[in-house]
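Structure, as structure tokens:
Protein chains in written order, with this note's numbering: chain A, 62 to 449; chain B, 119 to 253.
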């Protein structure tokens, strides 16, 4: 049994070591991918004592083979044929991995390219696994990755990067959830956790807390019939309390440093939900305050929409509908939020009509099914009402 | 990224600008048209936006369940069905605008007289998996 988790953890370190020996990023990354494939093939029968040493040796050989095969790289070959640089000390390995995060999330990349490159070079996933997770053919994903590598080929490997771009990429990976044989949410948590060990940035901690607090609810997110269970209806005893405690600890330590950012604010909202033993005990007043912070920090229309729903819980559905009236009706989930608030306001006929309308424009199947069920429930109730 | 279906109709879409039935084209024009379609798919593959590309036979049969223990019941083909799908391309792109741009590119495939067919393509978003964070 090959320890794929170990292989994936070692991937960025080995790329970093090849980089220090003179390999450019694209060539180093290719060589390490080939070494990973070989490891999966060979290690099952013959596991090495020093996994990292094995990977470095094999990847370096792959790199030299490729450099030799490519005659246009003759000059570089002469450069790298010299005795390789000594292995980096642990501090340098951390720096290399951090640089790799920055490079793979470089602002010149489109979000999808940054995601794919991060999963391969930092996460150590194969192109096939990434392609399966994003439901595209392997050839398409291979092209996306090689284009991304070309885009960043002129970026100097040791340039300082912006941690905010890295966080956006990791957030995207997490939010994609679960499809194919790779658990992207778990992978995003692993990569963010690894990042928190390398940088003390409050927002990195905030994002990790946010991920843990949402991931903790996963056992309750799907019912036995496989359908999506909304937060208000989840069986809270299924939530992972250890993970919640870890998320809350990380968040509190970050908040104590008093440099608030959007991920800390989002995590604070998730923490307040996690803190409520029942949906009725949710502290909506505090949640609205955090949404105010979030809107102030990001001016994100989705945050404004969620704020309106929270206002509806804190101050009553009329207040929620008033907050909603200030927002662009073409926002995603605007109609669904209006339907919910109208039902709470005691107007099931309007709510049923809006739920059905929201279902028609739902962006995913689970949401469409959920909204259709809400409309059907209210319509049945209304029919029952006229009959009596 | 979001996935879109570019749907090509035999019938049911508004008339193309260069609206000459394919059996009236020259063999060279037909070859040029098919080559354009292939090249379009290869270009998409190179840009990392390709998902699927299929053509359908126009002849189809309607089938339905006819009760326990009975064979499926079939009907058709109906020569005069209002809407008839010719094929599709599925793309995975960064924006809706990019989906429109690619649909327009596909609609520019050469037809009679070597001029673009300018047929109407239907662009429809595929439903996605639900996001993890919704609140």
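The C-beta atom is built at its ideal place from N, Cα and C for all residues, glycine as well. Just so we're clear, the structure is a prediction, and the values are computed from it rather than from any experiment.
Residue 87(A) versus residue 266(A) - alpha carbon distance:
30 Å
Within 10 angstroms of the Cβ of residue 119(B), are there 16 or more other Cβ atoms? Answer buried if so, exposed if not.
buried
Does the Cβ of residue 322(A) have 16 or more other Cβ atoms within 10 Å, making it buried, or fewer, making it exposed?
buried
Got a sec? Which residues, its chain only, sit under 6 Å from residue 237(B) by beta carbon, not counting five neighbours each side?
134 and 225
Compute the Euclidean distance between the alpha carbons of residue 150(B) and residue 143(B), then round it to the nearest angstrom.
11 Å
Helix, strand or coil for residue 367(A)? Go by DSSP, reduced to three states.
helix
Using a Cβ-Cβ cut-off of 8 Å (strictly less than) and excluding sequence neighbours within five positions of residue 190(B), which residues of its own chain qualify?
181, 182, 183 and 184
State the beta-bridge partners of residue 205(B) as determined by DSSP.
126(B) and 173(B)
Close-in-space but distant-in-sequence residues of the same chain around residue 232(B) (CB under 8 Å, 5 per side omitted)
147 and 150
Roughly how many whole angstroms lie between the Cα atoms of residue 318(A) and residue 252(A)?
23 Å
Give me the DSSP bridge partner(s) of residue 191(B).
182(B)
Indicate whether residue 175(A) and residue 130(A) have their beta-carbon atoms separated by less than 9 Å.
no
Alpha-carbon spacing of residue 449(A) relative to residue 414(A), whole angstroms
Residue placement at residue 449(A) is flagged as unreliable, the pLDDT there being 41, under the threshold of 50; the coordinate-derived value follows with that caveat. Each residue's Cα considered, the two are about 22 Å apart.
Using a Cβ cut-off of 9 Å (strictly closer), state whether residue 157(B) contacts chain A.
no
Contact between the segment 228-236 of chain A and the segment 260-279 of chain A: three or more CB pairs below 8 Å?
yes
Residue(s) in a DSSP beta bridge with residue 241(B):
124(B)
Quick check: the Cα distance between residue 124(B) and residue 169(B), rounded to an integer number of angstroms?
11 Å
Determine, for residue 166(B), whether the minimum Cβ-Cβ distance to residues of chain A falls below 9 Å.
yes
Reduced DSSP category for residue 108(A) - H, G, I as helix; E, B as strand; rest coil:
coil
Provide the residue(s) that pair with residue 246(B) in DSSP beta bridges, ordered along the chain.
425(A)
Nearest-angstrom beta carbon gap, residue 364(A) and residue 352(A) [assumed within contact, 8 Å]
6 Å
Straight-line Cα distance separating residue 167(A) from residue 281(A)
36 Å
Inter-residue spacing [alpha-carbon to alpha-carbon] between residue 347(A) and residue 206(B)
50 Å
Own chain residues within Cβ distance below 7 Å of residue 68(A), not counting five before or after:
97, 100 and 185
I'd like to know whether the C-beta of residue 229(A) is nearer than 9 Å to at least one C-beta of chain B.
no
Can you tell me which of 358(A), 407(A) and 334(A) puts its alpha carbon nearest to the alpha carbon of residue 371(A)?
334(A)
Inter-residue CB distance, residue 221(B) and residue 239(B) (contact presumed, cutoff 8 Å):
5 Å
If you measure between the beta carbons of residue 349(A) and residue 320(A), is that distance less than 9 Å?
no
Taking C-beta to C-beta, are residue 433(A) and residue 420(A) nearer than 9 Å?
yes
Cutoff 9 Å: residue 253(B) Cβ touching any chain A Cβ
yes
Beta-carbon separation of residue 314(A) and residue 264(A) under 9 Å?
no
For residue 261(A), count the other beta carbons within 10 Å of its own beta carbon; 16 or more makes it buried, fewer makes it exposed. Which is it?
exposed
Any Cβ of chain B within less than 9 Å of the Cβ of residue 448(A)?
Residue placement at residue 448(A) cannot be trusted, given a pLDDT of 44 that sits under 50; the coordinates are not used to answer.
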